[in-house]
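Comments concern the structure below.
2 protein chains.
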Amino acid sequence: MYCIGIDIGGMSIKVGIVDRDGHIIKKDRVVTDVEGGPNKIIDDIGKLVRSLIDPKDRDFVGIGIGCPGAINSATGTVDRAYNLKWENVPLAELLARYINKPIKVSNDANVAALGETMFGVGRMYSDTIFLTLGTGVGGGIIIDNKLYEGNESKGAELGHMVLVVDGEPCSCGRRGCMEAYCSASALIRETKKMMERDRNSLMWKYSPTLDEVNGKTAFECSKQGDGAACEVVNYYVKYLGEGMLNFANIFRPQAIILGGGVCAQGDYLIYKLKDYCKDRNYGFYGTPRFDILTAQLGNDAGIIGAAGLIFSDLK
Amino acid sequence: MYCIGIDIGGMSIKVGIVDRDGHIIKKDRVVTDVEGGPNKIIDDIGKLVRSLIDPKDRDFVGIGIGCPGAINSATGTVDRAYNLKWENVPLAELLARYINKPIKVSNDANVAALGETMFGVGRMYSDTIFLTLGTGVGGGIIIDNKLYEGNESKGAELGHMVLVVDGEPCSCGRRGCMEAYCSASALIRETKKMMERDRNSLMWKYSPTLDEVNGKTAFECSKQGDGAACEVVNYYVKYLGEGMLNFANIFRPQAIILGGGVCAQGDYLIYKLKDYCKDRNYGFYGTPRFDILTAQLGNDAGIIGAAGLIFSDLK
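And the structure:
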């Protein structure tokens, strides 16, 4: 038994055949023709799927799709995806003209959460929170092995939980969201601020101009013991830790899984986060603690998680 | 078909027979004999239940219990309840010696959330968030007409979501929790602070000494147009609104229901909250908005909601 998993991104669309264990048997990709519009993109996807698999194969049980933006997963419609320039695109319905199999669509961060929990680093757990720490902060919630997307599949906007009322401005228009403190963009902002304050910091050697600062600058220099860099990292860890503790108090997950660019810091980041959260957990000794893990499916998370949309329904 | 709903409080235990529509047919109460210990209290409950209903009645389908503290709802055990001085009390098991019917136990705030959503002001909705604004801030989460308690029934600690990293100290040991801004205690703290700053405020007429300040002081004087009182109310509304918007972004509930002492302010509070939240909702025009309601079951919420633990399982 296998599924097709589709990961729609602004640059490329990845399609893979995924087996029941979450292994990709075969995969291919196509450039996302944003200017071509939804019909052209869906035509490209349909043709790519048919080139990979015989739609009549009885072992082929369905298609899962992860797509950026606001999705109505009940109908398989993309309500709006800014980087695809899509609005009200009935994705599942249009793709069904090419392949007559069950099709499920969800938001890309949700899909990655499902992939990591079903087949990745979280596969020992049934209840997890997934956070992608990239340009923004995306999130996914797994409750009892199922994706929880919020009512009308419009929740799980975990990056837009305010951690500091009246705090840093966020892309969403509010102030003080977790995204404004825990995204790679926020890390870079704080790194630059600190570099301007400390002209002697090692960070100026790592990134000789402010334009060259990236999400690694502070972390790499902090590992060398640079005081200013350590301050940036501690600041980042503090806000990320506070956000994770909030989710712990709401969901009491068995594990929080971190994905996205910043999680490339691996154990260096994880140990600091564990230290931060250890003494700040809510409640008495019997309150279950959460594990902190880094995502392990990498670039394949989208394809595998998308397939998980179909597999998790079969359970 | 009917259930017994039991509301265990630190002062008294309320027991009622509740029908399928959430109406209380008959009720009674007994003083909570905290010093007598768990066995004495459970004996009191058992006798009270048997005085209200024939345990052999075939229309009597089960017993639901709302209890303060940390509950393991899978086993019906009270892990810890500070104000009852209980620790690891197998409540369901012990009560089953008196009445051989299905028994379910949950946290009191969770139970009130279920009651309001099944039978109270939220009965038109399937997905709600319930907040009790009292000495602390308690919470309950209803997803698709079912109580969601978090993994191991230890989540839904909605009052302990940090809104201000490094903010006001909270009873839980962290700083900046919603409880430290949105409880009646926080409202009283801010009222006193403002009164000390403004000796001419009308609030000094309403509450001539700081010891007389209560949760109504600022609200009542704000209705009279007192500037200092309005500032306190706006501060309270702002933090409560920010907290509610956070829950909206995570769960996208159809409604947020407010209970507890502060919600006695009714529409005066609700309209201010709606105004605050209106322009701060996340996302584009298609994102579902949430309604803001005040609880309507009052003192009976505990009994009715507890019965709901049994009824919601029958659905």
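Quick note, the sequences are listed as chains X and E, same order.
Following my numbering, the numbering of the first sequence begins with 3 at its first residue and continues without gaps.
Following my numbering, the numbering of the second sequence begins with 3 at its first residue and continues without gaps.
Quick reminder that beta carbons are idealized off the backbone N, C-alpha and C, glycines included.
Counting along the chain, residue 149 (chain X) sits inside the beta strand (DSSP E) bounded by residues 148-150.
Taking C-alpha positions only, residue 169 (chain X) is separated from residue 237 (chain X) by approximately 14 Å. Beta-bridge partners of residue 109 (chain X) (DSSP): X:69. Along the length of the region 193-276 of chain X, whole beta strand (DSSP E) runs at least 3 residues long occupy 257-261, reported in chain order.
Beta-carbon to beta-carbon, residue 137 (chain X) and residue 203 (chain X) are separated by about 24 Å, too far to satisfy the 8 Å threshold.
In this structure, the straight-line span from the alpha carbon of residue 214 (chain E) to that of residue 242 (chain E) is close to 24 Å. Proximity of residue 156 (chain X) to chain E, defined by a Cβ-Cβ separation below 8 Å, is satisfied. Rounded to the nearest whole angstrom, the C-alpha separation of residue 87 (chain E) and residue 232 (chain E) is 40 Å. Under the 8 Å criterion on CB atoms, residue 162 (chain X) is classed as interfacial with respect to chain E. The C-beta of residue 288 (chain X) comes closer than 8 Å to at least one C-beta of chain E. Within the same chain, 32 come within 6 Å of residue 46 (chain E) by CB-CB distance, once the 5 residues on both sides are set aside. Given a length threshold of 4 residues, each whole run of the alpha helix (DSSP H) inside the region 74-153 of chain E is given here in chain order: 93-97 and 110-121. At a cut-off of 8 Å between beta carbons, residue 236 (chain X) makes no contact with chain E. For residue 35 (chain X), the closest alpha carbon among the candidates X:12, X:218 and X:55 is that of X:12. Linking residue 114 (chain X) to residue 4 (chain X) through their CA atoms gives a straight-line distance of about 18 Å. Here the alpha carbons of residue 96 (chain E) and residue 67 (chain E) stand approximately 13 Å from one another. Inter-residue distance for residue 73 (chain X) and residue 265 (chain E) is about 35 Å (C-alpha atoms, whole angstroms). A residue is called buried once 16 or more other Cβ atoms fall within 10 Å of its Cβ, and residue 41 (chain E), having fewer, is exposed. By the criterion of a C-beta distance shorter than 6 Å, residue 119 (chain E) is surrounded in its chain by 130 and 144, once the five residues flanking it on both sides are discounted. For residue 53 (chain E), the three-state secondary structure derived from DSSP is helix. Buried is the label assigned to residue 302 (chain E), since at least 16 other Cβ atoms lie within 10 Å of its Cβ. Beyond the five residues adjoining it in sequence on each side, residue 187 (chain X) comes within less than 7 Å, by CB distance, of 137 in the same chain, given in chain order. Counting C-beta atoms within 10 angstroms of its own C-beta, residue 273 (chain E) has fewer than 16 neighbours from the protein chains shown and is therefore classed as exposed. When secondary structure is reduced to three states using DSSP, residue 288 (chain E) falls in the coil class, being assigned neither helix nor strand. A check of alpha carbon separations from residue 249 (chain X) across E:23, E:133 and E:164 identifies E:164 as the nearest. With a threshold of 8 Å between beta carbons, residue 165 (chain X) makes contact with chain E. Chain E places a beta carbon closer than 8 Å to that of residue 244 (chain X), counting this residue as a contact. Residues are counted here when their Cβ sits less than 7 Å from a Cβ of chain X; for the region 164-189 of chain E these are 164, 165, 166, 167, 174 and 176, given in chain order. In this structure, E:195 is the residue among E:195, E:246 and E:99 with its C-alpha nearest to the C-alpha of residue 234 (chain E).
When secondary structure is reduced to three states using DSSP, residue 185 (chain E) falls in the coil class, being assigned neither helix nor strand. The residue from E:100, E:71, E:70 and E:82 with its alpha-carbon nearest to that of residue 53 (chain E) is E:100.
Under the Cβ distance rule, residue 222 (chain X) does not count among the residues neighbouring chain E, no pair being separated by less than 8 Å. Nearest in C-alpha terms to residue 251 (chain X), of all of E:16, E:107, E:62 and E:174, is E:174. Inter-residue distance for residue 15 (chain X) and residue 270 (chain E) is about 51 Å (C-alpha atoms, whole angstroms). For residue 40 (chain X), DSSP records no beta bridge to any residue. When CB distances to chain X are screened at a threshold of 9 Å, the residues of the region 249-267 of chain E falling below it are 249, 250, 251, 252, 253, 254, 255 and 256, in chain order.
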